[in-house]
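Trainee:
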Amino acid sequence: MRKSGFTLIELLVVIAIIAILAAILFPVFAQARESARKSSCLSNARQIGLAGMMYAQDWDEILPETGWVGPCSSPVPNANGVYAIGDDYFSGVFSFPIASGPYIKNWNIFQCPSDPDKGGFNKLNSFCYEAQLLAVNMPRSYPGMRSVVNAMRDSFPLSYAGNYFLSRTYDPGFDRNNYRGEKMRPLAGINAPANVFFVADVGSNIAPNGNAFAAWYIAPGYGNNQNDTRWRKGGRHQGGRNWTFCDGHAKFYKDPAFQNPDGSFRSQAEIIYEYQQRGIYTFPETTGPDYRR
Numbered sequence: 481m482r483k484s485g486f487t488l489i490e491l492l493v494v495i496a497i498i499a500i501l502a503a504i505l506f507p508v509f510a511q512a513r514e515s516a517r518k519s520s521c522l523s524n525a526r527q528i529g530l531a532g533m534m535y536a537q538d539w540d541e542i543l544p545e546t547g548w549v550g551p552c553s554s555p556v557p558n559a560n561g562v563y564a565i566g567d568d569y570f571s572g573v574f575s576f577p578i579a580s581g582p583y584i585k586n587w588n589i590f591q592c593p594s595d596p597d598k599g600g601f602n603k604l605n606s607f608c609y610e611a612q613l614l615a616v617n618m619p620r621s622y623p624g625m626r627s628v629v630n631a632m633r634d635s636f637p638l639s640y641a642g643n644y645f646l647s648r649t650y651d652p653g654f655d656r657n658n659y660r661g662e663k664m665r666p667l668a669g670i671n672a673p674a675n676v677f678f679v680a681d682v683g684s685n686i687a688p689n690g691n692a693f694a695a696w697y698i699a700p701g702y703g704n705n706q707n708d709t710r711w712r713k714g715g716r717h718q719g720g721r722n723w724t725f726c727d728g729h730a731k732f733y734k735d736p737a738f739q740n741p742d743g744s745f746r747s748q749a750e751i752i753y754e755y756q757q758r759g760i761y762t763f764p765e766t767t768g769p770d771y772r773r
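Note that this note's numbering has the sequence shown beginning at 481, numbered continuously upward.
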C-alpha cells in the first residue's frame, strides 16, 4: 500500500491556519508583555515615592527638588558645545534622582521598561538644571568628550520627572535669594498630598527644535514645545502613565485626550483641570477637583 503525504493544498491550509492564529495571538502576547512592564514601572514609581518620603523625614519634611533654574554657561571662552557648569547658587542642591541616592539600592528604578530611550542624556544637546553640577552640551565627535557624554547618559537614565510646581523656582519673577536653601515647599504646605503628584512617568527628550531635555521636571501640558512634546509622549502604558504622589503612594491612571477634534492641542489649563477631576492635582495649593488657578 502506497503511503500518502500532504498535498500542496493541505500544506497551504495549515500554513494559513498558523498565520491566522499568529495574527490573533501576537497582539495578546504584546499586551501581556506591556502589562508586565506597566507593573514594573509602577513598582519603580512606588520606590521613588518611598525614597522621597525617607528623604523628607531626614530633611525637615521637604521633598527632593523638582524645579529648575537655568540655563548654565560655559566656563571656557568661545567654547560653546563643550560643557556647562552650574553657578554656585546650585552647589549642594540636587533634584530627586540624586537626592534619593542614599535611600535606594538600584538606580534602575529610574528607568521605565517601556521607555525606548530609557530617558537620560540621549541627544546631542542639554540644558542645565539645578540637579546637575555638570550639564553636557557637546557634540559626541568632540575629541576626548565622547566618554563624558556616554557617562552622563548612562549615569542618569531617567524615565520619570518631578512636578515643576512643587518647587519655588517655577515663578520666573521670584527672587532666587528668597528661596535660597529651601526651594521646595514643605509637606505641610501641600493641601492634599495624597492627590498632588510628586513624580510622573514621562516621555524622554524628543523636542521639535532639536534640544534634548533630561526628565528632571514636568508640568502637565506646560506651554512650550519641549515640555508639551515630552509630556504627551509619556503615556506609553496603553494610553496612561504611573504617578507618584506626595504622600508616597503610586497609582496608574489613563491620560485624557491631549488634542481637540480639529487636531489642535488642548491648553495647559484644560489638561490640568481634567487631571484634577480624576484626582491628580498639579498645584500644591489645590483644595479640590474644581480648583482653578
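Note that beta-carbon positions come from the ideal geometry of N, C-alpha and C, so glycine has one too. Please read these numbers as outputs of a predicted model, since none were measured by experiment.
Is residue 673 helix, strand or coil when you go by DSSP?
Mentor: Three-state result, residue 673: coil.
Trainee: Starting from residue 518, trace the alpha helix (DSSP H) in both directions and tell me its first and last residue.
Mentor: Element bounds for residue 518: 488–538.
Trainee: Would you please state the rounded distance, in angstroms, between the beta carbons of residue 757 and residue 766? I believe it to be under 8 Å.
Mentor: Wrong, their Cβ atoms sit about 12 Å apart, outside the cutoff.
Trainee: How many whole angstroms separate the CB atoms of residue 583 and residue 535, which I take to be in contact at a CB cut-off of 8 Å?
Mentor: That pair is a contact at about 6 Å.
Trainee: If you run the structure through DSSP and keep just helix, strand and coil, what is residue 581?
Mentor: Three-state DSSP puts residue 581 in a helix.
Trainee: How close, in whole Å, do the beta carbons of residue 717 and residue 732 come, if the pair is a contact with beta carbons under 8 Å?
Mentor: About 7 Å separates the two Cβ atoms, so the contact holds.
Trainee: Is residue 755 near the ligand FMN - that is, is its Cβ less than 7 Å away from at least one heavy atom of it?
Mentor: By its list of ligands, the structure shown contains no ligand whatsoever, and the ligand FMN lies outside what it can speak to.
Trainee: Could you give the first and the last residue of the continuous beta strand (DSSP E) run that contains residue 755?
Mentor: Per DSSP, residue 755 belongs to no beta strand (DSSP E); it is in the alpha helix (DSSP H), 748–757.
Trainee: Return helix, strand or coil for residue 737, following the three-state DSSP convention.
Mentor: In this structure, residue 737 counts as coil in the three-state DSSP scheme.
Trainee: In whole angstroms, what separates the C-alpha of residue 590 from that of residue 515?
Mentor: So the alpha carbons of these two residues sit roughly 18 Å apart.
Trainee: Would you verify that the beta carbon of residue 593 is, or is not, closer than 8 Å to some beta carbon of chain D?
Mentor: The chain labelled as chain D is not found in the depicted structure, where only one protein chain is given.
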